[in-house]
Structure formats: structure tokens, C-alpha cells
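First up is the structure itself, then whatever we jot down about it.
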Amino acid sequence: MLSRRNTSSVLVLLVATALASTSNSHSRASSVFSQIVIKEAPSGNATGDADVCSGLLGRQECGFVGITKDGCIQRQCCWSPSKAPVPWCFKKKDVDYVSTTEIAARRDCGYMGINAQECYYRGCCWDSTANNLNAPFCFLKQHACKGYGVKNVQESAHGITFDLELLGACVRFGEDVTLLTAIIDFETESRIRIKIVDKNSNRYEIPKEALPTTDSTIRHVGKRGYTFKYNKSPFTFSIIRSHDGEVIFDSSVANMDNLIFESDYLEISTTLPEDANIYGLGEVVASFRRDPNGTRQTMWNRDAATPVNQNVYGSHPFHLEMRNGNAHGVFLRNSNGMDVILTPKKLTYKAIGGVLDFTVFMGPTPIDVINQYTEVIGRPHMPPAWAMGFHQSRYGYGNIEDVNQVVSRYRQENLPLDGVWIDIDYMDSFKDFTYDETRFPKAKVRALAQDLQSNNQSMVLIIDPGIPIAPGYEPYDIGMRDDVFIKTLTGRPIEGRVWPGQTYFPDFFNTNETWRYWQDQLAKIRHDLGDNVYPWIDMNEPSNFCNGSCTKDNSTAIERGVKSLERDGAAGLPLALKYLINNGGCQAPLDEKTIAGNAVHKNGLRLMDTHNLYGHMEAAATHHALLQIKPNKRPFILTRASFAGTGAFAAHWTGDNWSQWDHLYYSIPGILSFGLFGIPFTGSDICGFLGNVTDELCLRWHQLGALAPFSRNHNDIHATDQEPFVWPDTVLPATRQALRIRYSLLPYYYTLFERAHRTGQPLWQPLFFKFSQDSATLDIDKQFLLGDSIMVSPVLSQGQIQVEAYFPGHERWFDFTTHECVMDRDPSNSTKPGEERPHRYRFLKAKAGEDPVPMSILGGSIVPIQNPQLNVAATRSQPVSLIIALDEKGGAHGEMYVDDGESVQNQYEARVTFKLTAGEQLVSHVILKSPSISGGDLNNMTATQMQDFKDKINHGDKVEKVTILGLNFASFTAERKVEDGTGSRLDMYAQGEGSRIQEKGLTVQKHTKKGDIMAFWRLLAVPERDGMDDTITENISSKQFEHRSRGQGRFATTTKSTITTTDIRGKKVVAGTAATLLELNINGIVIPLGDGLNGGLNGIQGQDPVTGCSWEVNQGVNSLTLTGLKLDLFVGWYINWKMA
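In C-alpha cells form, the structure reads like this:
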């Protein structure tokens, strides 16, 4: 019913309403985040008294064309239908309307661009004192909702259940649900679930086939790590973590409604500390730490080319918060559209359907939180080993010959490559499961797939969900026959339009017919091309080139390469929602570029409820299909759209990014966020997808992207080529170097992936995951940890030749490439006098074309590496080396996981742990698992079984090299120091075989028996003096030896174990005796590696003639390298050494 009014009012309001309907209905916003009291233009306050609403004359409009009684009452205005030409909804007499609405609670009363006069005319509040798009300028007056009261409480050791009864009408955006049920479930010691539902009606909840529910059996009753408290009237609740008393969720928030539960609107808030540290809530292109003073994160999967601070491809209503060095997490199990709003000291959820179903995770460490969260939503899948290598892709390969040339060029340039990708170019008119027989004939695509397979490489083909409406096209015909498509309310398949033209969309909630249909189509690809071909599922938000539903001619596919398409919204029948989530940053219609929300699945669910799950369910169906096609072979799937739990099925990339420096940076918080979301196998398009990249940007992106969990170069048909070899003098060598680092670290990556699969712990981690007590790490998102042992500090700006890196934790850090100690342990983090930055910052060299991406190894870490080859399989066959970075106590530890690299259920697997204690003993401990060996006990493994194990593992089985960083040679080696009274120092070092040297009248004699070591004194650090700087080059056993002597003096001589005396500038120096340089004890076998004294010279080397074991000392960086060890990786061993 329309609100009646006089003629002039109707004319003005019709214009205003037309503007609102065409302007995405969003008023501008304010950044004032505090309680606001605003006295309005002529207005009145609701009292409910009859006299303030009586009479027909002088009524001031408080509504708009089409306002209802409920809407009028929401505005606290009078409602009185009349046959006279006056407003039905009008302001009350003689009362001022005053707004005390917090920004997070504001309800929009306008549209983008509304002015104050029209806002007042609508009877609403206006505040434009700041410019922030996270809250409206024009907003409704509103009364405080009274909330709900608690009734019928039932308590047990495992939880609490009670009813909630409405205490008074709220009617924010629809009818109140008058009676609710709250179920409080103490699920585990570290996890509590709070679920609030309609008591008398079954509302939509995420179905179990999309996201399984959790086990509600607590393991140790009475040992909960939290306390649940609640107030009865009005109902609010709080959760207190036991170990520190922290209130980590509290729904009693000042100036906010405690709980709103309406037909199409849910609202609840929780308190936050000042300047809260919140992470997660995505998918979004933004900084990693969310702005606590003005974030409005919308959850509505959307095909958009990575705009900043807007909703894009995935929805993840989960956040992690850091407080006082501890972490906790909150997950809202709700797939409906919603806004999550961060304003000072509060976080507010506003959902347009479903139920409130929270799970709160106690932590207390960040890694604990992710472990607890992924236990609920599903652990990340374990990828096949090949997928951990590098991938090359692009949209716009003209034909199969173009792809062949790219593959050949990679081999020619000795660039590692494991995955070759083809976009929609290969399809016949962009129809799924077809081949363009002119440009990409099936026979030639198969030939390439077979060539790749012979080189242990794989192919990935894109598949979109839209099936073209084309009778005679088999996937369409079978889909219609088996009834697998999403329907309209009338029972016909809903019609969209994507690349092939008019399309229908498979109903992946139909886990019977549709999943079988999808499996059959994927099986045909494997049959046509081979077992090394995998799917890339794109456009699955789902994307639609018209809004809602399409009715245009379906005879023509979209022209190849067209980026912007005309869209129509015919037959969309959008649902009438009173609360508009901030879709696209402008409250865009929910059917914009997607399927209409009133479409239905076969099981009766509406797309309005399941929209955010569509890509997730496609990933689940695809994963299931690949396992049915090839049982026990790990699937690989890349998906664009995602929801909580998608990581159990697929990898993800951050979508259509731009070839710009800021998007290079945004790739880091994007990957870090998906690590929180349980999808650690994530990466961004290296060098950017949209736009043309420069060589410098592409070089830096390859350096960073080579380290991403998912590493792929991909770009758009309209962009110039960006394979590394396009720039042979700059990008190519830098990429080769970066990929060699990536491939050398494959055993480390594989171990991290297995850990993620087992515990949820992400590969890329923010610094505070490891150093949670270091508050300086909370804002850092331009550095990250790779695992828990390596820190990466990439170049992210044009023209940069060094990186200012922060080294957290007061620990020792070593350069990954040079092995130098770049930061030693420091007990304080204070700023030195005259410095503006804490002295835990260091500048690291990063000159383009010369220096690799700055990487630092944390002291106390043992990192396994292998000699990099041109693909993952070849690299896995190489022997293993260990980089050991000692902490300040001379200790280190690490681990390595090995299996066959492709099986879901492994016949054999090995977990090897390495531990070094006090700089004296390195121990390897191995746990083998096999169904055929009782408990995996090594004592029960025969030699034949061990060989079978090694054959099945198909991995290098020897540890051949150990490099130890951070040795203290002053005390650890046999160095001898003597002072001559002038500040000079005498060092002894060993070099080569014996010889006879005549130097300045002094004869130095040494036995020349093979294997003897010559020891020399040399004078170091002598102050500059006249005539005291000379260089002497001598020949020792035909090896050039250069000695620089600073100062005059004579050299001592030694026979095998004693040193004579000599005179240096008149001072008598007694040297003592020589010592064993290095003695190894490997599993009880003693191997002396040589005699003599060490010190002062880089590159000291020696070799045991019997075992072939060699050593090299680099005193410049305090490192010791042992090579030629040939230790069995899969048999436990230990090494002792001493330098007496």
C-alpha cells in the first residue's frame, strides 16, 4: 500500500525513489566511529502518545513512496492511513528526533549520492562529518531492540540448552522470530559451539554434504579451557579463556542491539579491545591486518577483477585475533550473504539468512587456532608432488604449436617446469569437454600430454561450470536427460550466459546424478589425453554474463578475447531484501553477474542461501570424480571460488590480478589469509594477469612467486607475453635462479605440505605465528615465514636495491645463500641512541639481476634440500643435504617427510627427524610406516623389505652433505692465538701437502709424505706501519698459494704434532701443539679427517682417503661443510665430531 501525500510531495519523492532504484541504493558513509547524537531538521521523537499523532493538518512526511506500516514504525513515526491527500507515515508533533546510533548499527536510509535535504525529508538522520564508505551518511532513526530472555535452561557436563523469548518487537528489517533455541556445545577442551536457531521453524543451515558437522564428544570432561557465561534478560553471553582470563567473545556491546533474529536478517556483535588485531574475513584484496576502525567485509562470492577492499571470489566468515601475545579464532557457520563490520571496540555480524552458528577456538597460539579450525572445516588436501613445482599458463595461446614452443623453450633455457596449462583457447566455441580441431586438435593435445608425461610433467585444462544450451552437444543432452541442472521456480533449468553463449549450470548439490554426470565428463578427458591431465575449475562463483537469468539468443558463442560484455537482467526476479549487504562496495544487486537467488536445487535449497557454496561444491564433486576415475591417485584441482573447507579438495589462486607493483604486494596478504582459511595451497598469477608487465616487475614477481605454495605464471589474452625468456638478459637468469632455490627446497616444501595436511599449519605464515610475543610483528605483511625456519623479505617496490627487513624474536638469523649471520641474538629490542628504528632491522642486498630474493634461516633450524633439477621427479631422486643453523646454544632441529609423492593411502612413508645438540652430535631418527610391517618397526624390516620400501618411495635415499652455520671458532676449533705486544694476532691454518719453502732467509721444512698437512703461522690485524705490508706468493706442491703478511716477522714451522718457537719483533712466542682438525664418529665408526690447526682462512679443505668424506671450513661465515657422507636417509644414524 502506498503512503498517500499531497501532489508536490509525491512528485519530489517519486524522483528521489527513482534515483535510489538506479544508484545501487547506498548512501555515502562516515568514518566517525563513536556514539553520535545529531539533532535533525524538523522532526519529532516517538512516544506512542495519541496526541502527537492526531489530526490531518500539518503532517510532516516520514516515509517514501511504498513505505509500509512496519517501515514507518521502524522510523518511530506515526502511521495513519487516510483517504485524504496526506502522508500515511508522518512525524510526531512537538518532539525532536535524536539519533544515538553507533556506526556499526546504522541502517541505510538513502543511496549513493543522497543529500542532506532529501535525507531529512525521508525522516532520517544525517551525518557527513567524515569521509568513510563503511557507514552511511543518511541513516534511519531507530529504537533500541529489547532482545530476548532466557527460559527453560537445561545443563549438562557437555553443554547448555535453553529457549530465548522475544522481549519486545524489534522489526529492524522484517518480522521478528519470537521464540529461539540456543544450544551451547562444549565440543572439546579448546572449542565451543554456540548455535541459535528458530525453535518452531526449520531455517536454512549449511547442509552436511557441503560442510560436515563436528564431533561433539569432549575428550576430558572438566578440563575445558574456557568458561561460558550468560545473562538471562536481555540474553547476552561471553566466553572466557581459562589460562589467562581473557574474554574473547562478549555479545553485550554498548549502544548495540544484543541480538536480532528476523525472517531475513540476523545481527549480533562482540566487543573488541582498542585497536584490535584482526586477521581473516575474506576473500578480499587488502592488507593482512584488517582495519579495526573501519572495515565492512561482505561475504558474497563475486566475479570481479580483484578490486581493493571489496568482496571477490570466495567467502570465509572466520577471523583470528591476537591479544597480548595469545590468539583465538571465531567461525560463523553461515553461507548466506553477510556484512562483517569492524568499528572501534566492536565486531558486528549482519547476515541476510540462515542461523547463528558460531564456533570459537581458544588457541592460545596462532598455529593452535588454525589446527582447531581446520579440524572443524576439514584438513587441507595433500597435493601430488609434481604440483609443488612451477607452472606456466596463459589465456591466449593461439594454437597447440604455441604451447609446444613454450615447453621447448623452457627445456632449452634449463628452466624447471612441471605443469603446462591451457585456458579456454583449446575448446570448440568455448564448450567444455571439446577441442578446437583447427587450432587445438585432440590428437595434438594428446601428443603434448604424452610428451609431458614422458618427462614426468603434467597438463592442466580449464573447465567452466556453464554447459552451453546446444542440442546435439553430448554434455548438454546427457545433462538434460539426467536432470542435473539448477532450476527456476517454474521447474525449468535457469539460463545464464558465459563464454559459449547461453548456458545451464550443473546442480552440484545433487550428489547423485550430477556428480556421476560430472565424473563421466572428466573421465572422457582422461581417456582422450592421459592420466597426467588435471582440471582447473574457473568462473564458479558462479559467474554469469547477465544478471540473474538470461533470455537472449543462444546461437552464438562470445567472441574470443572480448573483455566487457553487454548484460541483461531479464527474468532475474530478485528477492526483496530490506537489508542490503555491501556487494561490490555499493550494495549492488545480489544477482549482479551471477545466477538469480530464487533459483533452486533439486533438494529444494535456494541459490540465495547456497550461492557462496557453489564453487566449493564443484570442487568437492571434481575431487570425488578424480578419485573415482583413478583410485588412490591424489587429485589436483585449482578453483577460483571457495568457502570454508574448500582446501580439503582444491588449491586456489587469487584471481584476475593486475600487472602492478601494488598487486605484487597484495599477493602476500592474499596467500597469508588463505593460510588462515585452511587453503594453504594458494598463489597469485606471477607477473599479473591484467595489463602489460615490465621486466623489472616480472623479475621481482618471479623471485617472490617462485616461493609461493602454488607457483604459476599466467596472463591475459590482451597482455603481452610474460614467460621468463621474453627478457633473456634480466628476467630469465633471475627466474632460473629463483626456481633453482624453489626446487632445491622441495623436500622442505613437501614436509610443510604434509604438516598442513595433518595439522592445518600453513606454508606461508605471518611473523607473529612464530613470534607471537613480539608486538612489532603484528602489522608486518611485507615479510613472511616459509614454514617456521625461513623468513622471506622480498622486493616490492620499483627501483629497490635493498630491503629493510625486521628480524623478530631476538634470535640468530643466517642468510640462506651466503650463510652469513645477518642478525645475532640480542636481548633487547630497544632503539639505539640516534636511531629511529629498532636495531632488529637490517638492510639486505637485493639488486635486480644480481641478488636473489632475501631469505634468512632462523637459528636452531635444520632445513633439508636437494640438488635442483628440471622437474620435481628428477629433483626427488637426488641425495639430500642438510643446512643446519645453530642457535646460541649450539642446537638445531628439523624434520623431513617422504612418501611416494602421489598416493592417497601410501604403502610406505618415512618421517625423519634431525637434531643437533651442543654443537657436538647430529642425530637422525626415522619412523617408517607400512601396512605390511608391524608398526613400521625397523627391527622387523628385512633387507628385501627395505629395498622394496626404497623402490616404492622413489626418492633419493642418501644424506651426502651437511653444512653447519653459526660455529664459534674461537672456542669450538683448535685455533691458537698469540699476541706480539703490538696488537697483532697469530693464527694457524692448514693447507695442502708438505713442501720446502724459503722465505726471507728462514727455511720452513715439512715432511712431504702424502696425507701430511702443512701448518703455517700467519700474522693478522697488525696496525699499519711503514714497510710492514708485503705479499708473498709461493708454490706448495704445484698449487698456487698466496699469503699476505701484514708486518715483519718470522714464521713458525711444524712437524706433524709439535711447533717450534720463533721470534716476532723481539718477542718470544711459544705456540704449543697442533690438534686434530676434525674427527667424525658415524654410528661408532671413527674417521679422522686430518691433522693440523684451523683458523683464519676460508676454504680450508680435507678428505679422508678411505671413506671419501670431505670437509671444508669457511671461517668468514663460521661454517663447516661435510660432504661425501653417503648416510642412509631411511636408517637412523648419528655423527659426533670434535675439534680439540
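Sequence positions in the sequence shown follow mature numbering (1 follows the signal peptide of the UniProt record, and there is no 0) and run -22 to -1, 1 to 1118.
Every residue, glycine too, gets a C-beta built ideally from N, C-alpha and C.
Query raised in the report: In the DSSP assignment, what residue or residues form a beta bridge with His306?
Result: Your numbering for residue 306 matches position 328 in the sequence shown. Partner(s): Glu299.
Report task. Run the CB neighbour count on Gly469, radius 10 Å, all protein chains shown included, and call it buried at 16 or more, exposed below. Result -> Here residue 469 refers to the residue found at position 491 when the sequence shown is read from its first residue. Label assigned to Gly469: exposed.
Requested in this report: Tell me whether Glu701 is buried or exposed, calling it buried when 16 or more other Cβ atoms sit within 10 Å of its Cβ.
Outcome: Stepping through the sequence shown from its first residue, residue 701 is reached at position 723. Buried, by the Cβ-count rule.
Query raised in the report: What's the call for Ala783, buried or exposed, on a 16-neighbour Cβ count within 10 Å?
Result: Locating residue 783 in the sequence shown gives position 805, counting from the first residue. Counting Cβ neighbours within 10 Å, Ala783 comes out buried, since at least 16 surround it.
Query raised in the report: Excluding five sequence neighbours on each side, which residues of the same chain lie with their C-beta closer than 7 Å to the C-beta of Pro453?
Result: Within the sequence shown, the letter at position 475 stands for residue 453. Excluding sequence neighbours, Pro453 sits near Asp410, Phe411, Ile445 and Gln499.
**Report entry** Presumed contact (8 Å Cβ cut-off) between Val347 and Gly307, rounded CB distance
**Finding:** The residue labelled residue 347 in the question sits at position 369 within the sequence shown. The residue labelled residue 307 in the question sits at position 329 within the sequence shown. So it is a contact: roughly 4 Å between Cβ atoms.
**Report entry** Range of the contiguous beta strand (DSSP E) that encloses Ser859
**Finding:** Taking the first residue of the sequence shown as position 1, residue 859 is located at position 881. Here the beta strand (DSSP E) through Ser859 covers Val858 to Ala863.
Query raised in the report: beta strand (DSSP E) containing Trp631: first to last residue?
Result: Taking the sequence shown and counting its residues from 1, one reaches residue 631 at position 653. From DSSP, the beta strand (DSSP E) with Trp631 extends over Ala629 to Trp631.
Report task. Classify Ala459 as buried or exposed, calling it buried when 16 or more other Cβ atoms lie within 10 Å of its own Cβ. Result -> Here the question's residue 459 lines up with position 481 in the sequence shown. Sequence check: residue 459 is Arg here, not Ala. With fewer than 16 other Cβ atoms within 10 Å, it is exposed.
Query - Within the region 184 to 261, ranges of the alpha helix (DSSP H) (whole runs, at least 4 residues) - result: Whole alpha helix (DSSP H) segments, 4+ residues: zero.
**Report entry** Phe1108 burial status per 10 Å Cβ neighbour count (16 or more: buried)
**Finding:** If you number the sequence shown from 1, residue 1108 lands on position 1130. Buried: at least 16 other Cβ atoms inside 10 Å.
Query - CA-to-CA distance, Ser521 to Asn392, given in whole angstroms - result: Counted from its first residue, the sequence shown places residue 392 at position 414. Counted from its first residue, the sequence shown places residue 521 at position 543. Roughly 39 Å separates the two Cα atoms.
Report task. With DSSP as the reference, label Val901 as helix, strand or coil. Result -> As a first step, residue 901 is located in the sequence shown; it is residue number 923 there, counting from the start. It is a strand residue.
Query raised in the report: Tell me, which residues are paired with Ala870 by DSSP?
Result: Numbered from its first residue, the sequence shown carries residue 870 at position 892. According to DSSP, which records beta bridges pairwise, Ala870 is partnered with Leu894.
Query raised in the report: Exposed or buried, which one is Leu(-10) when buried takes at least 16 other CB atoms within 10 Å?
Result: Counting from one through the sequence shown, the residue named residue -10 turns up at place 13. Residue confidence is low: Leu(-10) scores 33 on pLDDT, short of 50, so the model does not pin down where it sits. Its coordinate-derived value is still stated next. Residue environment analysis places Leu(-10) among the buried positions, since at least 16 neighbouring C-beta atoms fall within 10 angstroms of its C-beta.
Query - Residue burial classification, Glu828 (beta-carbon count within 10 angstroms, cutoff 16) - result: The residue given as residue 828 occupies position 850 in the sequence shown. Under this definition Glu828 is an exposed residue.
Requested in this report: Could you please give the first and the last residue of the uninterrupted alpha helix (DSSP H) stretch that includes Gln370?
Outcome: In the sequence shown, the residue the question calls residue 370 occupies position 392. Element bounds for Gln370: not the alpha helix (DSSP H) but the beta strand (DSSP E), Phe368 to Gln370.
Query raised in the report: Buried or exposed: which applies to Ala62, given that a residue is buried once 16 or more other Cβ atoms fall within 10 Å of its Cβ?
Result: Here residue 62 refers to the residue found at position 84 of the sequence shown. By the neighbour-count criterion, in which a residue is buried when 16 or more other Cβ atoms sit within 10 angstroms of its Cβ, Ala62 is exposed.
Requested in this report: Would you mind working out which of Ile646, Ala628 and Thr273 sits nearest Asn635, comparing C-alpha positions?
Outcome: Here residue 635 refers to the residue found at position 657 of the sequence shown. Out of Ile646, Ala628 and Thr273, Ile646 has the C-alpha closest to the C-alpha of Asn635.
Query raised in the report: Alpha carbon to alpha carbon, what distance is there between Met769 and Leu730?
Result: If you number the sequence shown from 1, residue 730 lands on position 752. If you number the sequence shown from 1, residue 769 lands on position 791. Taking the straight line from one Cα to the other gives about 14 Å.
Requested in this report: Consult DSSP for Gln275 and reduce its assignment to one of helix, strand or coil.
Outcome: Here the question's residue 275 lines up with position 297 in the sequence shown. Residue state, collapsed to three classes: strand.
Query raised in the report: Do the CB positions of Asp865 and Glu789 come within less than 9 Å of each other?
Result: As a position in the sequence shown, residue 865 is number 887, starting the count at 1. As a position in the sequence shown, residue 789 is number 811, starting the count at 1. Yes, the Cβ-Cβ distance between Asp865 and Glu789 is below 9 Å.
Requested in this report: For the beta strand (DSSP E) containing Ala597, list its first residue and its last residue.
Outcome: For this step, residue 597 is matched to residue 619 along the sequence shown. Segment Tyr592 to Ile607 is the alpha helix (DSSP H) holding Ala597; no beta strand (DSSP E) there.
Query - Pro772 beta carbon less than 9 Å from that of Pro832 - result: For the purposes of this step, residue 832 is taken as residue 854 along the sequence shown, with counting starting at 1. For the purposes of this step, residue 772 is taken as residue 794 along the sequence shown, with counting starting at 1. Judged by their CB atoms, Pro832 and Pro772 are nearer to each other than the 9 Å cut-off.
Query raised in the report: CB Gly738 to CB Arg357, shorter than 9 Å?
Result: Position 760 of the sequence shown, counted from the start, is the residue given in the question as residue 738. Position 379 of the sequence shown, counted from the start, is the residue given in the question as residue 357. Yes.
Query raised in the report: Using the beta-carbon count (16 or more within 10 Å), is Thr248 buried or exposed?
Result: Along the sequence shown, one-based indexing puts residue 248 at 270. By the 10 Å Cβ count, Thr248 comes out buried.
Query raised in the report: With 16 as the cutoff for other CB atoms within 10 Å, does Val781 come out buried or exposed?
Result: Counting from one through the sequence shown, the residue named residue 781 turns up at place 803. Buried.
Query raised in the report: Per DSSP, what kind of secondary structure is Asn130 in: helix, strand or coil?
Result: Within the sequence shown, the letter at position 152 stands for residue 130. Three-state DSSP puts Asn130 in a strand.
Report task. Can you say whether residue 1119 is buried or exposed, counting buried as having 16 or more other CB atoms within 10 angstroms of its CB? Result -> As shown, the chain starts at -22 and ends at 1118. That puts residue 1119 outside it, with no answer to give.
Requested in this report: Consult DSSP for Thr853 and reduce its assignment to one of helix, strand or coil.
Outcome: Taking the first residue of the sequence shown as position 1, residue 853 is located at position 875. Residue state, collapsed to three classes: helix.
Query raised in the report: What residue range is occupied by the uninterrupted beta strand (DSSP E) comprising Ser834?
Result: For this step, residue 834 is matched to residue 856 along the sequence shown. Here the beta strand (DSSP E) through Ser834 covers Met833 to Leu836.
Query raised in the report: What is the residue span of the alpha helix (DSSP H) that Cys676 lies within?
Result: As a first step, residue 676 is located in the sequence shown; it is residue number 698 there, counting from the start. Element bounds for Cys676: Asp673 to Gly683.
Query - Inter-residue spacing [alpha-carbon to alpha-carbon] between Ser58 and Asn236 - result: Counted from its first residue, the sequence shown places residue 58 at position 80. Counted from its first residue, the sequence shown places residue 236 at position 258. Approximately 31 Å between the Cα atoms of the pair.
Query - From Trp493, Met437 and Lys928, residue whose alpha carbon lies closest to that of Phe463 - result: Taking the sequence shown and counting its residues from 1, the one referred to as residue 463 is at position 485. With distances taken between Cα atoms, Phe463 lies closest to Trp493.
Query raised in the report: Going by C-alpha distance, which of Gly787, His735 and Val704 is nearest Leu745?
Result: Position 767 of the sequence shown, counted from the start, is the residue given in the question as residue 745. If we check each option's Cα against that of Leu745, Gly787 comes out closest.
Query raised in the report: Are the beta-carbon atoms belonging to Gly562 and Asp569 less than 9 Å from one another?
Result: In the sequence shown, the residue the question calls residue 562 occupies position 584. In the sequence shown, the residue the question calls residue 569 occupies position 591. Cβ distance not < 9 Å, so Gly562 and Asp569 don't count as in contact.
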